[in-house]
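Okay, so here's the structure we're looking at.
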Amino acid sequence: EDLRVDGRGCEDYRCAEVETAVVSNTSGSARVKLGHTDILVGVKAEMGMPKLEKPDEGYLEFFVDCSANATPEFEGRGGEELGTEIANTLYRVFSSESSVDLKSLCINPREHCWVLYVDVLLLECGGNLFDAISLAVKAALFNTRIPKVRVLEDEEGSKEIELSDDPYDCIRLNVDDVPCIVTLSKIGYRHVVDATLQEEACSLASLLVSVTSKGTLTSVKKVGKGSLDPESIFEMMETGKRVGKSLHVALQKTLDEEESLGTSRQKVGFLG
Amino acid sequence: LDSVLLLSSMNLPGGELRRRSAEDELAMRDYLQEGDLISAEVQSVFSDGAVSLHTRSLKYGKLGQGVLVQVSPSLVKRQKTHFHDLPCGASVILGNNGFIWIYPTPEQKDEEAGGFTTNLEPVPLSDREVISRLRNCIVALVTQQLMLFDTSILYCYEASLPHQIKDILKPEVMEEIVLETRQRLLDLEG
């Protein structure tokens, strides 16, 4: 009957807080608080060699760190398994050609390109990690400012790279097609979006779908030891598309609002 | 810091008073298993900090369908009775350890069962809405650091009625509701 323990419907998200530019020495950063789940993402742009099979594109590298503060299970090396699983999921989600315009990250074909190192830090684990992480990654990429470089050619033909002096002269990424992950957990005969820790404990299987703002699915992954009926998978994908689209709209609106506040915005950061 | 619930401190099914035998020990697993939630009273505290529990009265025992909210124990007011039947249609157990159990008020008191049979019938939607609302109200009171007792929970419930259940957890709505509750409680004292 569409009523969960905290009064939400099956397709309602918890109250989320998004803040960008929280870490000053990164190219872009964002912090997302979804209920009790707290995620911090930092993006650093560095110059590197392009991959051999894609000489005229840059690339993204993901690294996920499960802080020991998140839950007691992450003490020591406990969080590594979850961290690699999340990183692999992120690689898969972003593996589609259209998500990020990698050609814009190229400086010199075959020689130099921008590599975006995306570091995800799990500060608190309150259920529904993947959704919060994907929201934070999208917000951080939106916030990323990559300095403009010019390639100068000498008479001998050797190339020099010149970094622009003006710190505000930079290129921003187009995040319109960056997908967001929607996790649908199956509980009993129905499925719910944005499960809390308690709901996750009751759910035997979940489906992770990554949806772009236009509603196209870029990847689907099933987690959990239970089984999913093919019909319910289809239903869950439809729900995922619907919810994903509204999620993108809400996130974009918040990011634009935050952007429009400009420098007068009061930063809440970590101590506010 | 463990707590012990001895077999002799429990009520047997059927409420009989007899010596507990070895068969009772073996049959216990049919009734209580790891992971079940029970309500019990502290009989005594040992010198090393361990606690001895008992479920001697028929109001204690295994808990059936309901919602658990875990709060800080300092926010639960120490009162004579911990079991409250709220007029809004649900009952609540305010444990001093911070575990709050919200459940639908049972129709008749099945005294013979003594808390042994769990009612697994589906709970009607109206009851579930009341329970969800109470759960959100308790979370709101806890976030705003207000003491939890039957009157404060009830006032908070009444203050939250104009809002939708899921909106209670929004920060602005939470502050508004708790402010109103605080006001009513002050009026009650003054």
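Residue numbers (this note's numbering), protein chains in the order written: chain A, 18 to 289; chain B, 529 to 718.
All residues carry an ideal CB built from backbone N, CA and C; glycine is no exception.
For clarity, every value in this text was computed on a predicted model and none was experimentally measured.
Residue i - DSSP class collapsed to helix/strand/coil
| i | result |
| --- | --- |
| residue 126 of chain A | coil |
| residue 20 of chain A | coil |
| residue 271 of chain A | helix |
| residue 76 of chain A | strand |
| residue 159 of chain A | helix |
| residue 81 of chain A | strand |
| residue 235 of chain A | strand |
| residue 179 of chain A | strand |
| residue 639 of chain B | Unreliable placement is indicated for residue 639 of chain B, whose pLDDT of 49 sits below 50; no coordinate value is reported for it. |
| residue 265 of chain A | helix |
| residue 152 of chain A | helix |
| residue 619 of chain B | strand |
| residue 120 of chain A | helix |
| residue 563 of chain B | coil |
| residue 39 of chain A | coil |
| residue 45 of chain A | strand |
| residue 259 of chain A | helix |
| residue 676 of chain B | strand |
| residue 244 of chain A | coil |
| residue 115 of chain A | coil |
| residue 575 of chain B | coil |
| residue 650 of chain B | coil |
| residue 89 of chain A | helix |
| residue 278 of chain A | helix |
| residue 538 of chain B | coil |
| residue 71 of chain A | coil |
First and last residue of the uninterrupted alpha helix (DSSP H) at residue i
| i | result |
| --- | --- |
| residue 109 of chain A | 97 to 110 |
| residue 552 of chain B | 550 to 559 |
| residue 215 of chain A | 214 to 219 |
| residue 699 of chain B | 699 to 717 |
| residue 654 of chain B | 653 to 671 |
| residue 613 of chain B | No alpha helix (DSSP H) holds residue 613 of chain B; the beta strand (DSSP E) holding it covers 611 to 613. |
Buried/exposed call for residue i, threshold 16 Cβ in 10 Å
| i | result |
| --- | --- |
| residue 640 of chain B | For residue 640 of chain B, the pLDDT reaches just 46, beneath the cut-off of 50, and the residue's location in the model is therefore unreliable, leaving the point undetermined. |
| residue 564 of chain B | exposed |
| residue 231 of chain A | exposed |
| residue 609 of chain B | exposed |
| residue 707 of chain B | exposed |
| residue 705 of chain B | buried |
| residue 583 of chain B | buried |
| residue 219 of chain A | exposed |
| residue 79 of chain A | buried |
| residue 264 of chain A | buried |
| residue 185 of chain A | exposed |
| residue 574 of chain B | exposed |
| residue 108 of chain A | exposed |
| residue 203 of chain A | buried |
| residue 122 of chain A | buried |
| residue 179 of chain A | exposed |
| residue 538 of chain B | buried |
| residue 160 of chain A | buried |
| residue 67 of chain A | buried |
| residue 120 of chain A | exposed |
| residue 270 of chain A | exposed |
Residues that DSSP places opposite residue i in a beta bridge
| i | result |
| --- | --- |
| residue 62 of chain A | A:133 |
| residue 55 of chain A | A:50, A:141 |
| residue 569 of chain B | B:582 |
| residue 684 of chain B | Answer by DSSP bridge pairing: none, since residue 684 of chain B is not bridged. |
| residue 188 of chain A | A:163 |
| residue 197 of chain A | A:228 |
| residue 607 of chain B | Note: residue 607 of chain B sits in no beta bridge, so no partner. |
| residue 589 of chain B | B:567 |
| residue 533 of chain B | B:581 |
| residue 203 of chain A | A:208, A:222 |
Span of the beta strand (DSSP E) around residue i
| i | result |
| --- | --- |
| residue 31 of chain A | Element bounds for residue 31 of chain A: n/a, residue is neither H nor E. |
| residue 596 of chain B | 595 to 598 |
| residue 627 of chain B | 627 to 632 |
| residue 207 of chain A | 207 to 210 |
Check: With contact counted as at least three CB pairs below 8 Å, one residue from each stretch, are the region 128 to 135 of chain A and the region 83 to 102 of chain A in contact?
Finding: With contact defined as three or more Cβ pairs closer than 8 Å, the region 128 to 135 of chain A and the region 83 to 102 of chain A are not in contact.
Check: For the region 239 to 248 of chain A against the region 156 to 173 of chain A, are there 3 or more C-beta pairs whose distance is under 8 Å?
Finding: Because the criterion of three Cβ pairs below 8 Å is not met, the region 239 to 248 of chain A and the region 156 to 173 of chain A do not touch.
Next item on the list: Answer yes if the region 671 to 679 of chain B comes into contact with the region 24 to 35 of chain A, meaning at least three C-beta pairs across the two stretches below 8 Å, and no otherwise.
Entry: They do not touch, by the three-pair rule.
Next item on the list: Could you say if the region 656 to 668 of chain B and the region 615 to 622 of chain B meet the contact criterion of at least three C-beta pairs nearer than 8 Å?
Entry: Yes, since at least three Cβ pairs between the region 656 to 668 of chain B and the region 615 to 622 of chain B fall closer than 8 Å, the two stretches touch.
Check: If contact means a Cβ-Cβ distance below 9 Å, which residues of the region 689 to 718 of chain B contact chain C?
Finding: No chain C is present in this structure, whose protein chains are A and B.
Margin query: Assess contact between the region 246 to 256 of chain A and the region 120 to 131 of chain A, defined as three or more Cβ pairs (one per stretch) separated by less than 8 Å. Is contact present?
Written below: Contact check between the region 246 to 256 of chain A and the region 120 to 131 of chain A: fewer than three CB pairs, one atom from each, fall below 8 Å, which does not count as touching.
Notebook entry, point to check: Would you say the region 43 to 61 of chain A touches the region 139 to 148 of chain A, given that touching needs at least three Cβ pairs under 8 Å?
Noted result: With the rule of 3 Cβ pairs closer than 8 Å, the region 43 to 61 of chain A counts as touching the region 139 to 148 of chain A.
Notebook entry, point to check: Do three or more CB pairs link the region 260 to 279 of chain A to the region 192 to 205 of chain A at distances below 8 Å?
Noted result: They touch, by the three-pair rule.
Check: If you pair each beta-carbon of the region 548 to 561 of chain B with each one of the region 591 to 608 of chain B, do three or more pairs fall below 8 Å?
Finding: Counting Cβ pairs under 8 Å, fewer than three are found: no touch.
Next item on the list: Would you check if the region 19 to 28 of chain A and the region 202 to 217 of chain A touch, i.e. whether three or more CB-CB distances between them fall below 8 Å?
Entry: Here the region 202 to 217 of chain A makes contact with the region 19 to 28 of chain A; the two share three or more CB pairs at distances below 8 Å.
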